[in-house]
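Q: Encoded as structure tokens, here's the structure I'll be asking about.
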Amino acid sequence: MEEMKLTLEVVTPDRQVVHDQVDSVQLPGLDGELGILPGHAPLLTELGTGVLSFQKGTETRYATALGGFAEVLGDRVIVLAERSELAEEIDLGRAEAARQRALKRLHEKSGEIDFQRATLALQRSLTRIQVAPRVRTRRPTGPLEREISSQPTGTPK
Numbered sequence: 303m304e305e306m307k308l309t310l311e312v313v314t315p316d317r318q319v320v321h322d323q324v325d326s327v328q329l330p331g332l333d334g335e336l337g338i339l340p341g342h343a344p345l346l347t348e349l350g351t352g353v354l355s356f357q358k359g360t361e362t363r364y365a366t367a368l369g370g371f372a373e374v375l376g377d378r379v380i381v382l383a384e385r386s387e388l389a390e391e392i393d394l395g396r397a398e399a400a401r402q403r404a405l406k407r408l409h410e411k412s413g414e415i416d417f418q419r420a421t422l423a424l425q426r427s428l429t430r431i432q433v434a435p436r437v438r439t440r441r442p443t444g445p446l447e448r449e450i451s452s453q454p455t456g457t458p459k
């Protein structure tokens with residue numbers, strides 16, 4: 303019997319970010335994380351700002367999902383994001399600079415500051431900072447891999 307897969311499509315107004323066959327998807331919904339497996343009940347939901355991840359075999363890939371909508375149709379997940387980028391595409395220095403600008407705006411006492419806009423900018427920058435280091439990770443699959451991955455970095459084995 304063939305293993306069931308999901309077709310994942312992540313698109314923004316500018317481009318297609320992902321189009322792939324995957325085993326599972328995790329999305330940031332407005333009220334929390336959504337886990338999607340093949341055969342999931344049909345669903346249409348608004349996305350929050352957060353981490354989108356997808357599993358393909360032993361590999362997990364990460365991207366940002368910065369607003370938008372997701373539709374699940376059994377074997378297909380379509381994400382229509384306002385903005386999205388894969389972990390390997392994120393410029394961490396630029397994300398940190400955006401975080402600093404947003405914090406500065408929020409701490410200003412000026413009456414002209416758009417608090418909601420500054421808060422959203424801060425959320426977006428923090429999501430990028432959270433996702434950037436997660437470039438193509440593999441999950442442990444056997445006892446040896448679990449033992450190796452549980453070793454602290456820099457500790458002799």
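FYI, in our numbering the residues of the sequence shown are 303 to 459.
Where is the CB? At the ideal position from N, CA and C, for every residue including glycine.
1) Looking at the strands, I want to know which residues DSSP matches up with P330.
2) What would DSSP say about T360, mapped onto helix, strand or coil?
3) With F356 and V324 assumed to form a contact (beta carbons below 8 Å), what rounded beta-carbon distance in angstroms separates them?
4) Out of L346, E335 and G341, point me to the one whose CA is closest to V353's CA.
5) Of all the options L388, A367, A389 and D393, which has the alpha carbon lying nearest to the alpha carbon of L382?
6) With L405 as the anchor, note down where its alpha helix (DSSP H) starts and where it stops.
7) Using the beta-carbon count (16 or more within 10 Å), is A404 buried or exposed?
8) Among residues of its own chain, excluding the 5 on either side of A400, which ones have a beta-carbon nearer than 8 Å to its beta-carbon?
9) Who are the Cβ neighbours of P315 in its own chain at under 8 Å, not counting the five residues just before and after it?
10) Grouping DSSP H, G and I as helix and E and B as strand, with all else coil, what is A420?
11) Taking the alpha-carbon of P330 as reference, which of L349, Q318, V319 and V374 has the nearest alpha-carbon?
A: Considering the structure as presented:
1) Here the question's residue 330 lines up with position 28 in the sequence shown. Beta-bridge pairing links P330 to E335.
2) Within the sequence shown, numbered from 1, the residue matching residue 360 stands at position 58. Three-state result, T360: coil.
3) Locating residue 356 in the sequence shown gives position 54, where the first residue counts as 1. Locating residue 324 in the sequence shown gives position 22, where the first residue counts as 1. Indeed they touch by this definition, with Cβ atoms about 4 Å apart.
4) Counted from its first residue, the sequence shown places residue 353 at position 51. With distances taken between Cα atoms, V353 lies closest to E335.
5) Locating residue 382 in the sequence shown gives position 80, counting from the first residue. Comparing Cα positions, the closest option is A367.
6) For the purposes of this step, residue 405 is taken as residue 103 along the sequence shown, with counting starting at 1. First-last of the alpha helix (DSSP H) with L405: L394 to H409.
7) For the purposes of this step, residue 404 is identified with residue 102 of the sequence shown, where counting begins at 1. When all chains shown are included, A404 counts as buried.
8) Translated into the one-based positions of the sequence shown, residue 400 becomes position 98. So the qualifying residues of the chain are A423, R426, S427 and R430.
9) Here residue 315 corresponds to residue number 13 of the sequence shown, with the count starting at 1. Excluding positions up to five away in sequence, the list reads E384.
10) Position 118 of the sequence shown holds residue 420. Helix at A420.
11) Here residue 330 corresponds to residue number 28 of the sequence shown, with the count starting at 1. The shortest C-alpha separation from P330 is found at L349.
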